[in-house]
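Student: Our numbering applies: residue 95 is where the sequence shown begins, and numbers increase by one.
Cβ coordinates follow ideal geometry from the N, Cα and C atoms, glycine included.
One structure, as structure tokens, below. Some questions next.
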Amino acid sequence: MFRLRRGEVKRNVRREISMLKDKLRRVELTPCYGDADLKRKDNDLSMIWTEIYNLQKEVDDFASPFLQAVK
Numbered sequence: 095m096f097r098l099r100r101g102e103v104k105r106n107v108r109r110e111i112s113m114l115k116d117k118l119r120r121v122e123l124t125p126c127y128g129d130a131d132l133k134r135k136d137n138d139l140s141m142i143w144t145e146i147y148n149l150q151k152e153v154d155d156f157a158s159p160f161l162q163a164v165k
């Protein structure tokens, strides 16, 4: 893993979070006219939640050394 300053990581995480919020909002507001639309919407939501989980895991992995140093 490459080293980043804390501010850069914070800015990148905020950018990712805002991008995921926009994606989630777009998918939630998309109307469903049939089973195919509902299935596509479900798949899109699943992908977004997976991205959120991966981002959370990445942030936790990055923050754990800092949290260990504080203890």
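Is Y127 helix, strand or coil when you go by DSSP?
Tutor: Residue state for Y127 is assigned as coil, using DSSP reduced to three classes.
Student: Nearest-angstrom Cα distance between I142 and L114?
Tutor: 7 angstroms
Student: Sort N137, I111, V121 and D131 by Cα distance to N148 and report the nearest one.
Tutor: I111
Student: Are the Cβ atoms of P125 and D131 separated by less than 9 angstroms?
Tutor: yes
Student: Report yes if the CB atom of V107 is closer than 9 angstroms to the CB atom of V153, and no otherwise.
Tutor: yes
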